[in-house]
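In the working numbering, the protein residues as written are 4 to 289.
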């Protein structure tokens, strides 16, 4: 009797990858960068051919949005070229490819005030977003693909992984009396537990194409931070600033809220509202 084929999670040391492994349990084979670096396609092919996965979930990515402006070739190699190689490999192995993408494939429409549907034309405005959009298109070259766009992830992570927005805000609020936080970028902060659960559901449902998966509602980073401080019973002075005042290398979308009606129609329910989700997360780190 042959063993069931595993579900391989690439980027297993990150917030989302680690949570997917937790939820999938024994079905998952989690691979971090040291075990399976997407910039080493021969090694990736060797590992996946040995494992013969039923599904490959790619959460690995170059995510340093500002540094990407100075390292566009490296960013595209990781987020686009590597995905092209992965899609080709999944075709060879007849494995489903689940590619995790981002709300940053949008942003060019400066007048946008309505959540983006999967059918809306993308328009990335920075190197990172452009590379992730290219990755989506490479993934779609294999018919058994699922692209999941999400946004503003936070959750439990390994110590080696970068801090998330929540952790950064809590640290800064304990170090400083006054903070300046952007209040003109609207998106939907999302708890990885809920996003991972949705990805597992879509994968098990044999969903194909693009799906938007975020928590419900929308917020600016200032609104999100203010709710974090309220829940943590911290009271720094929080000044509202504009994107123009926040000097960074990469342009950011002013509005990148994702419409999740397609996911809701498939799953039968929306993910929790972002305020309920952050309250849930804060209880785990109290």
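Even glycine gets a Cβ: it sits at the ideal position worked out from N, Cα and C. Computed from a predicted model, the values in this text were never measured in an experiment.
task: Confirm, please, whether the CB-CB distance from residue 17 to residue 62 is below 7 Å.
output: The count along the chain shown starts at 1 and reaches residue 62 at position 59. The count along the chain shown starts at 1 and reaches residue 17 at position 14. Result yes, Cβ atoms of residue 62 and residue 17 sit closer than 7 Å.
Residue 93 versus residue 20 - alpha carbon distance: Your numbering for residue 93 matches position 90 in the chain shown. Your numbering for residue 20 matches position 17 in the chain shown. Their Cα atoms are separated by approximately 19 Å.
- prompt: Does the pairing of the stretch 256–270 with the stretch 105–124 give three or more beta-carbon distances under 8 Å?
  reply: Enough Cβ pairs lie closer than 8 Å, so yes.
Element boundaries [beta strand (DSSP E), containing residue 242]: For this step, residue 242 is matched to residue 239 along the chain shown. Counting along the chain, residue 242 sits inside the beta strand (DSSP E) bounded by residues 240–244.
DSSP three-state assignment for residue 10, whether helix, strand or coil: Locating residue 10 in the chain shown gives position 7, counting from the first residue. If DSSP states are grouped into helix, strand and coil, residue 10 belongs with the strands.
message: Starting from residue 150, trace the beta strand (DSSP E) in both directions and tell me its first and last residue.
response: Here residue 150 refers to the residue found at position 147 of the chain shown. For residue 150, the uninterrupted beta strand (DSSP E) run begins and ends at 148–153, by DSSP.
field: Cutoff 6 Å; reference residue 87; Cβ partners in own chain excluding five residues on either side
entry: Counted from its first residue, the chain shown places residue 87 at position 84. Cβ within range, chain order: 141.
task: Using a threshold of 7 Å, state whether the C-beta atoms of residue 90 and residue 100 are closer than that.
output: For the purposes of this step, residue 90 is identified with residue 87 of the chain shown, where counting begins at 1. For the purposes of this step, residue 100 is identified with residue 97 of the chain shown, where counting begins at 1. Taking a C-beta distance under 7 Å as the contact criterion, residue 90 and residue 100 qualify as a contact pair.
query: Alpha carbon to alpha carbon, how far is residue 76 from residue 52?
result: Looking up residue 76 in the chain shown gives position 73. Looking up residue 52 in the chain shown gives position 49. When rounded, the separation of the alpha-carbon atoms in residue 76 and residue 52 is 28 Å.
Coil, strand or helix - residue 225 by DSSP: Residue mapping note: residue 225 aligns to position 222 of the chain shown, counting from 1. Helix at residue 225.
query: Along the chain, where does the alpha helix (DSSP H) that runs through residue 34 open and close?
result: By one-based count along the chain shown, residue 34 stands at place 31. Residue 34 -> not in any alpha helix (DSSP H); beta strand (DSSP E) instead, spanning 31–34.
Any beta strand (DSSP E) of 3 or more consecutive residues that is wholly inside the stretch 65–141: Within the stretch 65–141, the complete beta strand (DSSP E) runs of at least 3 residues are 99–105.
field: Own chain partners of residue 254 with C-beta closer than 6 Å, once the 5 adjacent residues on each side are dropped
entry: Position 251 of the chain shown, counted from the first residue, corresponds to residue 254. When the five nearest sequence neighbours on each side are left out, the beta carbons in the same chain lying within less than 6 Å of the beta carbon of residue 254 are those of 128, 129, in order along the chain.
field: Sequence-distant residues of its chain with Cβ nearer than 6 Å to residue 192 (five each side left out)
entry: Position 189 of the chain shown holds residue 192. Excluding residues within five positions, the ones whose Cβ falls inside 6 Å are 155, 227, 277.
message: Please classify residue 280 as buried or exposed, where buried requires at least 16 other C-beta atoms within 10 Å of its C-beta.
response: To locate residue 280, count along the chain shown from 1; it is residue 277. When all chains shown are included, residue 280 counts as buried.
- request: Reducing DSSP to helix, strand and coil, say where residue 258 ends up.
  value: Within the chain shown, numbered from 1, the residue matching residue 258 stands at position 255. Correct three-state label for residue 258: strand.
message: So for residue 23, helix, strand or coil by DSSP?
response: Position 20 of the chain shown, counted from the start, is the residue given in the question as residue 23. Reduced to three states, the DSSP call for residue 23 is helix.
- request: Per DSSP, which residues does residue 219 bridge with? Please list them.
  value: On the chain shown, position 216 is the one that residue 219 refers to. Within the DSSP bridge table, the entry for residue 219 names 276 as partners.
query: Going along the chain, which residues of its own chain have a beta-carbon closer than 6 Å to the beta-carbon of residue 183, five neighbours each way excluded?
result: Stepping through the chain shown from its first residue, residue 183 is reached at position 180. Excluding residues within five positions, the ones whose Cβ falls inside 6 Å are 242, 244.
task: Within 10 angstroms of the Cβ of residue 98, are there 16 or more other Cβ atoms? Answer buried if so, exposed if not.
output: Taking the first residue of the chain shown as 1, we reach residue 98 at position 95. Residue 98 is buried by the Cβ-count criterion.
message: Using CA atoms only, rank isn't needed, just tell me which of 205, 68, 46 is closest to residue 252.
response: Taking the chain shown and counting its residues from 1, the one referred to as residue 252 is at position 249. The candidate whose alpha carbon is nearest that of residue 252 is 68.
Beta-ladder partner(s) of residue 190, from DSSP: Within the chain shown, the letter at position 187 stands for residue 190. Its beta-bridge partners are 222.
query: Should residue 181 be labelled buried (16 or more other beta-carbon atoms within 10 Å of its own) or exposed?
result: Counted from its first residue, the chain shown places residue 181 at position 178. Under this definition residue 181 is an exposed residue.
- prompt: What span of residues does the alpha helix (DSSP H) with residue 182 cover, start to end?
  reply: What you label residue 182 is simply residue 179 of the chain shown in a count that begins at 1. Per DSSP, residue 182 is not a residue of any alpha helix (DSSP H); the beta strand (DSSP E) it occupies stretches across 181–185.
task: Pull up the DSSP beta-bridge partners for residue 58, would you.
output: Numbered from its first residue, the chain shown carries residue 58 at position 55. Beta-bridge annotation (DSSP): residue 58 is paired with 10, 99.
field: Proximity winner among 205, 11, 209, 33, relative to residue 215 (alpha-carbon distances)
entry: Within the chain shown, the letter at position 212 stands for residue 215. Restricting attention to 205, 11, 209, 33, the CA atom closest to the CA of residue 215 is found in 205.
task: Note down, in chain order, each residue of its chain lying with its Cβ closer than 8 Å to the Cβ of residue 56, except the 5 sequence neighbours on either side.
output: By one-based count along the chain shown, residue 56 stands at place 53. These residues qualify, in order along the chain: 8, 9, 10, 11, 32, 96, 98.
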